[in-house]
Amino acid sequence: MQFGLTETQQVLKNSAREFFSAVCPIAEVRRLMETATASDAALWQKMAHQGWTGIIFDEEYGGLGLGLVEMAVALEEMGRALLPGPYLSTVLLAGVAIDAAGNPAQKRKYLSRISLGEAHATLALLEASASWDPGAVQLNAQPTLAGFALNGRKMFVPDAAAADFLVCAARRGPDLGLFIVPRGARGLTISSLPAIDETRKLYQVAFEDVPVAEGDFLAIGDSARAALERALAVATVALAAEMVGGMQRVMEIAVEYAKARKQFGKPIGQFQAVQHLCADMLLLTESSRSAAYYAAWALQERAPEADVAVSIAKAYASDAYREVGNRGIQVQGGMGFTWENNVHLYYKRAKASELMFGDATYHRERIARTAIDKAIDKL
604 MQFGLTETQQ
614 VLKNSAREFF
624 SAVCPIAEVR
634 RLMETATASD
644 AALWQKMAHQ
654 GWTGIIFDEE
664 YGGLGLGLVE
674 MAVALEEMGR
684 ALLPGPYLST
694 VLLAGVAIDA
704 AGNPAQKRKY
714 LSRISLGEAH
724 ATLALLEASA
734 SWDPGAVQLN
744 AQPTLAGFAL
754 NGRKMFVPDA
764 AAADFLVCAA
774 RRGPDLGLFI
784 VPRGARGLTI
794 SSLPAIDETR
804 KLYQVAFEDV
814 PVAEGDFLAI
824 GDSARAALER
834 ALAVATVALA
844 AEMVGGMQRV
854 MEIAVEYAKA
864 RKQFGKPIGQ
874 FQAVQHLCAD
884 MLLLTESSRS
894 AAYYAAWALQ
904 ERAPEADVAV
914 SIAKAYASDA
924 YREVGNRGIQ
934 VQGGMGFTWE
944 NNVHLYYKRA
954 KASELMFGDA
964 TYHRERIART
974 AIDKAIDKL
C-alpha cells in the first residue's frame with residue numbers, strides 16, 4: 604500500500620502550490636470577496652489553461668483524465684490559498700453530475716465547456732428542509748409538449764448568479780430526475796442570501812413554470828439518484844481535502860506568529876501552553892489529511908468501504924478545521940478574528956464548510972445507518 608504521494612502527485616502538488624500562491628494571494632481573495640460573485644474571469648481562464656477545470660474528466664471532453672487522489676492534491680492547495688469563486692460548484696458538483704448522468708451529446712455540450720473553462724455551473728439540490736438526502740427533493744417537474752416545466756424553490760444554491768447553467772434535482776412524479784436549466788431561463792429568479800463565508804456566495808433560486816427542453820433532461824429514477832450521490836461523494840471528498848489545506852495554512856500562520864511575538868522577553872512559542880495549541884493543530888491537520896486522501900482513493904477505486912470513508916473524512920475534517928481555527932485564533936490572543944488578520948477568513952470558511960454536504964453529526968448518523976443496514980442483511 605502506498606501511504607505517501609507518488610513522484611508525479613508530488614510534482615502536481617508543488618505546481619498547484621506555486622500556481623495558486625502566485626495568482627490568488629490573500630489580497631486577491633479579499634478583493635474578490637467584495638464582488639457580487641466572488642469570481643474573476645481572468646483567474647478562471649488561468650486555472651483552465653493549467654487544466655484545473657477539467658482535472659478529473661476524460662480527455663474526450665477536454666479534461667486531463669486524472670484521478671480523485673490527484674483532485675484531492677489540487678483541492679488541498681486551493682484550500683490553503685482560500686480560493687474564492689465557483690470551482691467546487693462548477694467542476695465537482697455540476698460537472699461530476701453531468702459526467703455521471705449525461706449522454707455523449709450532453710457531455711459534449713456541457714461537460715466540455717466546463718473542462719475548457721468556458722462555463723460556470725452549479726447544482727441546485729437543497730430545499731426548505733436543508734437536507735442533503737436526495738430523497739428530500741420536492742421541486743416539481745411537470746411534463747409538457749416541449750419537455751418539462753419546473754416549479755418550486757431551491758435554497759442555499761452555491762454560485763448560482765455566476766453559473767451559466769444549473770443542474771437541478773426535481774421530482775417527475777414519484778421519481779427523482781436531473782435537469783439542466785440555463786441561468787437566463789424564463790421564470791427563473793435568483794436572489795442572494797447572506798453567507799458567513801463571503802468567498803462562496805449562496806442564493807435562493809425560484810422556479811415558476813421554468814421550461815426545460817427534452818434534450819436537457821439528464822436522468823431519472825435510479826440513474827439520477829446514482830449520479831447525484833456520485834457528485835455529492837466526489838464533492839465531499841474534495842471539500843475535505845480543501846479543508847486540510849485551510850488547516851495547514853492556519854497552522855503555518857499561528858506558528859509564524861508564535862515565533863515572532865514576544866512576551867516577558869521571549870517568543871511565546873517557548874511557552875508550553877502555546878506549544879500544546881500548535882501540536883493540537885498539527886495532529887488535527889495530519890489526521891484529516893490521512894482521512895481525506897484515503898477517502899479519495901477508496902472512491903476512485905470504488906472500494907466497498909468508499910461511502911463510509913467519505914463520511915469519516917468529512918465528519919473528522921468538519922470538527923478538525925473548526926478546532927484548528929479556534930486554536931489559531933487563540934495563539935494570537937484573539938487578535939486572529941480582527942478584520943485585518945487573515946485567520947478569521949479561514950475560520951469563516953471552516954464554519955461554512957462544516958455544514959456543506961452535511962456536518963459531523965449527519966455523517967456519523969450516515970455511518971451508523973450503513974452499519975445497521977449491513978447487520979440486517981446478515982440476519
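Numbering-wise, this note's numbering comes out as the position in the sequence shown, counting from 1, plus 603.
A virtual CB, placed ideally from N, CA and C, is assigned to each residue, including glycine.
As the structure is a prediction and not an experimental result, all values here were calculated from the model.
With a Cβ-Cβ cutoff of 9 Å, do Val-699 and Thr-725 count as a contact? Taking 9 Å as the Cβ cut-off, Val-699 and Thr-725 do not qualify as a contacting pair.
Put Asp-812 into one of helix, strand or coil per three-state DSSP. Three-state result, Asp-812: strand.
Reduced DSSP category for Ala-967 - H, G, I as helix; E, B as strand; rest coil: Contrary to the premise, residue 967 reads as Arg rather than Ala in this sequence. Reduced to three states, the DSSP call for Arg-967 is helix.
Looking only at DSSP bridge pairs, what is Val-784 linked to? Beta-bridge pairing links Val-784 to Leu-769.
Give the DSSP bridge partners of Lys-865, in chain order. Partner residues in the beta bridge of Lys-865, as assigned by DSSP, are Pro-870.
Return the chain-ordered list of same chain residues with a C-beta closer than 8 Å to the C-beta of Leu-729, the five sequence neighbours on each side being excluded. Within the same chain, Leu-729 has close Cβ partners Trp-735, Lys-757, Met-758, Phe-759, Val-760.
Could you spell out where the beta strand (DSSP E) holding Leu-714 opens and where it closes? Premise fails: Leu-714 is in no beta strand (DSSP E) and is neither H nor E.
Which residue wins for smallest C-alpha separation from Leu-753, given the options Val-813, Gln-653, Ala-697, Tyr-713? The shortest Cα separation from Leu-753 among Val-813, Gln-653, Ala-697, Tyr-713 belongs to Val-813.
Three or more C-beta pairs under 8 Å: does that hold for the segment 819-829 against the segment 687-699? Touching, no, given that fewer than three Cβ pairs across the two stretches are closer than 8 Å.
Which whole-angstrom value is the C-beta distance of Gly-665 and Leu-719, which I expect to be below 8 Å? Indeed, because the Cβ distance is near 4 Å, the residues count as touching under 8 Å.
DSSP on Gly-848, reduced to helix/strand/coil? DSSP places Gly-848 in helix when its eight states are reduced to three.
Per DSSP, what kind of secondary structure is Asp-762 in: helix, strand or coil? In the structure shown, Asp-762 adopts coil according to DSSP, grouped into three states.
Within 10 Å of its beta-carbon, does Val-614 have 16 or more other beta-carbons around it, so buried, or fewer, so exposed? When all chains shown are included, Val-614 counts as exposed.
Could you check what DSSP says for Phe-751 in three-state terms: helix, strand or coil? Here Phe-751 sits in strand by DSSP.
Here's the rule I'm using: 16 or more other beta-carbon atoms within 10 Å means buried, otherwise exposed. How should Lys-869 be labelled? That one is exposed.
When we look at the beta-carbon of Lys-951 and count the other beta-carbons within 10 Å, is it buried (16 or more) or exposed? Lys-951 is buried by the Cβ-count criterion.
Please report the Cβ distance between Ala-894 and Ala-876, rounded to the nearest whole angstrom; I am assuming they are in contact, meaning their Cβ atoms lie under 8 Å. The beta-carbon distance between Ala-894 and Ala-876, rounded to whole angstroms, is 28 Å. This is too long to meet the 8 Å contact definition.
C-beta atoms of Asp-962 and Glu-926 nearer than 9 Å: No. Outside cutoff.
Of the choices Lys-862, Ile-783, Ser-795, whose alpha-carbon is the least far from that of Val-934? Ranked by Cα distance from Val-934, the options Lys-862, Ile-783, Ser-795 are led by Lys-862.
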